[in-house]
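In the numbering used here, the protein residues as written are 1 to 100.
By construction, the Cβ of each residue, glycine as well, lies at the ideal position given by its N, Cα and C atoms.
I have placed the structure first, in the form of C-alpha cells, so that the comments after it can refer back to it.
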C-alpha cells in the first residue's frame, strides 16, 4: 500500500455537472513517499470522472522539511495520482472539473 491515510477527502457533483474534489494524503510509513512513480491514490466512480485528463497544482511536503509544488492528476478512467519533485510524504490539493 502506497498511501496509508487519505484524510479530509471528499468529492461532490453540483447541479451544473462540475465535480469538486478536496484531498489530503499521507504516505505509507514504510514507503515514506506518495509521489514516487505516480501511484494511484484514489478512484472516482462513474458519473464523477472527467471528460479528459485533468492536472492541477497541489501542495506537498517531505517529512521534517519545507514543501513545494506537487500535482494531482485525475484520469478519464477515474484514477487519481499525486506527483511531486522531490517525492513527498504528505500532499493536499483540490480540483474542480466538468464530469462526463
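Taking the CA atoms as reference points, residue 44 sits about 12 Å from residue 23. In the same chain as residue 12, and ignoring 5 residues on each side of it, the C-beta atoms closer than 8 Å to its own belong to 19, 20, in chain order. Residue 53: not part of any beta strand (DSSP E); DSSP gives it neither H nor E. Of the residues 73, 91, 47, the one whose Cα lies closest to the Cα of residue 15 is 47. Relative to the Cα of residue 75, the nearest Cα in the group 39, 10, 92 belongs to 39.
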